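Engineer: Here it is, the structure, as structure tokens.
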Amino acid sequence: SPFPDALRTGNIDKRSATVIARMRMAIAVKKGAPKPDISTPDAVRRTLLNAKSIISVDPEQGSVGTAALLALDKLGLTQQLKPKIKWVPTGGVVQDSVAKGESEIALGPYLSDMRNPGLDVVGALKPDAAPPIDVTGFISTTPSNRQAARALLNYLASPEAAPVYRAAKMFAASDK
Numbered sequence: 003s004p005f006p007d008a009l010r011t012g013n014i015d016k017r018s019a020t021v022i023a024r025m026r027m028a029i030a031v032k033k034g035a036p037k038p039d040i041s042t043p044d045a046v047r048r049t050l051l052n053a054k055s056i057i058s059v060d061p062e063q064g065s066v067g068t069a070a071l072l073a074l075d076k077l078g079l080t081q082q083l084k085p086k087i088k089w090v091p092t093g094g095v096v097q098d099s100v101a102k103g104e105s106e107i108a109l110g111p112y113l114s115d116m117r118n119p120g121l122d123v124v125g126a127l128k129p130d131a132a133p134p135i136d137v138t139g140f141i142s143t144t145p146s147n148r149q150a151a152r153a154l155l156n157y158l159a160s161p162e163a164a165p166v167y168r169a170a171k172m173f174a175a176s177d178k
């Protein structure tokens, strides 16, 4: 889990963990720059190896950075890319850096909030190049109405909620 400190507080019922959606990692470039091929894991490897610079959220900041690091690990590039990857505190810093031309490639979540007008989102990386990021809901250990809390989590994970996730460029838990 990306939030071990929160889970250790005792305020979250770990048994209630429910995946409600999934995010995929994406690559973005400066608006107008050539869009690299990301159609296969090998194409993603070539894109990242050929990039002059890469920027992403610091893995110490949470699940987005952790997912970026997992993607690099899956591609076998973590050590090789170390000299040219910059880890920063927030996604806004990532987007601004690429939009201003300070960094060539942004590696971040494929979401509707990646909307800096100076960016072109190339697209979501396929699961064989970058593992999807689970968005998980939990119930408190002291809910005022456990049954209602469970019903909400079940709804958020249901096909009925899927259009909301898709509109945000996420993938619903009910999507296979």
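Residue numbering for the sequence shown follows our numbering, starting at 3 and increasing by one per position. Even for Gly, the Cβ is constructed at its ideal location relative to N, Cα and C. Quick caveat: nothing in here was measured; it's all calculated off a predicted structure.
Can you find at least 3 beta carbon pairs, one from the segment 98–106 and one from the segment 136–154, that sit closer than 8 Å?
Structural biologist: The segment 98–106, when compared against the segment 136–154, does not touch it at the 8 Å Cβ threshold.
Engineer: Is the segment 142–154 touching the segment 52–63, taking contact as three or more C-beta pairs under 8 Å?
Structural biologist: No, the segment 142–154 is not in contact with the segment 52–63.
Engineer: Comparing the CB of G64 with every heavy atom of the ligand ADP, is any distance shorter than 6 Å?
Structural biologist: Ligands in the displayed structure: none, and consequently the ligand ADP is not present.
Engineer: Roughly how many whole angstroms lie between the Cα atoms of M172 and L113?
Structural biologist: The residue labelled residue 172 in the question sits at position 170 within the sequence shown. The residue labelled residue 113 in the question sits at position 111 within the sequence shown. Near 6 Å, if we compare the C-alpha coordinates of L113 and M172.
Engineer: Does D44 come out as helix, strand or coil in the three-state DSSP assignment?
Structural biologist: Residue numbering aside, residue 44 sits at position 42 when the sequence shown is read from its first letter. Correct three-state label for D44: helix.
Engineer: Report the residue from A19, V46, R10 and I14 whose alpha carbon sits nearest the alpha carbon of G125.
Structural biologist: Here residue 125 corresponds to residue number 123 of the sequence shown, with the count starting at 1. Checking every option, the nearest Cα to that of G125 belongs to V46.
Engineer: Do the segment 66–86 and the segment 127–136 make contact, defined as three or more Cβ pairs closer than 8 Å?
Structural biologist: Output reads yes: the segment 127–136 touches the segment 66–86.
Engineer: In angstroms with no decimal places, state the Cα-to-Cα distance between Y167 and N156.
Structural biologist: Along the sequence shown, read from residue 1 onward, the residue named residue 167 stands at position 165. Along the sequence shown, read from residue 1 onward, the residue named residue 156 stands at position 154. The straight-line gap from Cα to Cα measures roughly 15 Å.
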